[in-house]
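Numbering (my numbering), first residue to last: 10 to 159. No residue lacks a Cβ here, since even glycine has one placed at the ideal position from N, Cα and C. Since the structure is predicted, the reported quantities are computational estimates derived from the model, not experimental observations. Okay, structure first, notes after.
Spelled out as structure tokens, the structure:
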């Protein structure tokens with residue numbers, strides 16, 4: 010009897026909070042947003058250097074997303090899908106609340122692709138103050154994360 014109660018509690022939680030199912034895939038976004046909010050100019054500089062874009066485009070993207078880390082995702086998804094940030098922002102707004110996986114799929118990025126898995130594993134912005142380069146250094150020649158890393 011206790012098993013059935015526990016089963017129904019778990020199902021109820023998953024039904025009430027569907028974002029919990031996929032939240033773990035991109036849990037690094039919250040940390041990136043916290044870092045960005047602590048040093049907004051540093052974050053903007055990292056975005057500019059990483060995506061080779063100027064302040065105007067950075068401001069346009071950041072001004073149209075909820076969190077700073079969402080700006081990174083818009084730029085990165087655009088890069089992967091070979092689309093301008095404006096196109097990704099349009100999809101971002103129309104699929105709001107459906108999750109990054111849904112947005113990526115709508116942009117033609119396959120959920121099982123190396124690029125998508127690399128996205129799930131974290132950002133590739135330079136780590137400020139750590140003396141380390143971007144996470145790209147840990148990737149194999151095909152662009153995906155090496156197996157065994159989480």
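For the structure I just gave you, are there three or more beta carbon pairs, one from the segment 38 to 57 and one from the segment 66 to 84, closer than 8 Å? Yes, since at least three Cβ pairs between the segment 38 to 57 and the segment 66 to 84 fall closer than 8 Å, the two stretches touch.
Alpha-carbon spacing of residue 113 relative to residue 41, whole angstroms: Residue 113 and residue 41 have their C-alpha atoms spaced approximately 19 Å apart.
Taking the Cβ atom as the reference point for each residue, do residue 73 and residue 98 lie within a distance shorter than 7 Å? Less than 7 Å divides the Cβ of residue 73 from the Cβ of residue 98.
Look at the alpha carbon of residue 102 and the alpha carbon of residue 83, and state the distance between them as a whole number of angstroms. Taking the straight line from one Cα to the other gives about 11 Å.
Output the distance between the C-alpha atoms of residue 226 and residue 50, rounded to the nearest integer angstrom. Outside the modelled stretch of the chain, which goes from 10 to 159, sits residue 226, for which no answer is possible.
Going by the CB atoms, is the gap between residue 135 and residue 39 shorter than 7 Å? The answer is no: Cβ separation not under 7 Å.
Go ahead and pull the three-state DSSP assignment for residue 74. Reduced to three states, the DSSP call for residue 74 is coil.
Once you ignore the five residues that flank residue 37 on each side, which residues in its own chain have a CB closer than 6 Å to its CB? Cβ neighbours of residue 37 beyond the five flanking positions: 131.
Could you compute how far the alpha carbon of residue 158 sits from the alpha carbon of residue 129? Here the model assigns residue 158 a pLDDT of 39, short of 50, so the residue's position is not dependable and the matter cannot be decided.
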